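Numbering (the numbering used here), first residue to last: 1046 to 1160. We put the CB at the ideal spot given by N, CA and C, even for glycine. Computed from a predicted structure; not experimentally measured. A short worksheet on the structure shown next.
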């Protein structure tokens, strides 16, 4: 398992997010765009790739198996309703992608296996 990103939503829910290569391929299918292209845009300061669909897709695939698209959409709505922002969620989404080690050089620390 890759390194986890832990995030507390505006309404106090604690999320443990992590992605593997299969998850990342599913995200690319969902958004019909390469994650490398998205990360390149972000690195150049372009935020046009940071759509709500992108955010929902990354959250859905980074959350525990069985999380649906509707679950991810509900999470976004509840977070924003409780005072959080989409920008805050996008920061978490980007950190979750960076934690995979796919976009940064160097060795990734493996997350401890939960029993």
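Burial check for residue 1081: the Cβ neighbour count within 10 Å stays below 16, so the residue is exposed.
For residue 1053, the uninterrupted beta strand (DSSP E) segment begins and ends at 1050 to 1053. For the options 1090, 1051, 1057, 1095, the alpha carbon positioned closest to that of residue 1072 is the one of 1095. DSSP places residue 1060 inside the beta strand (DSSP E), whose first and last residues are 1059 to 1062.
When C-beta atoms of the region 1103 to 1119 are compared with those of the region 1055 to 1072, three or more pairs fall below 8 Å, so the two segments count as touching.
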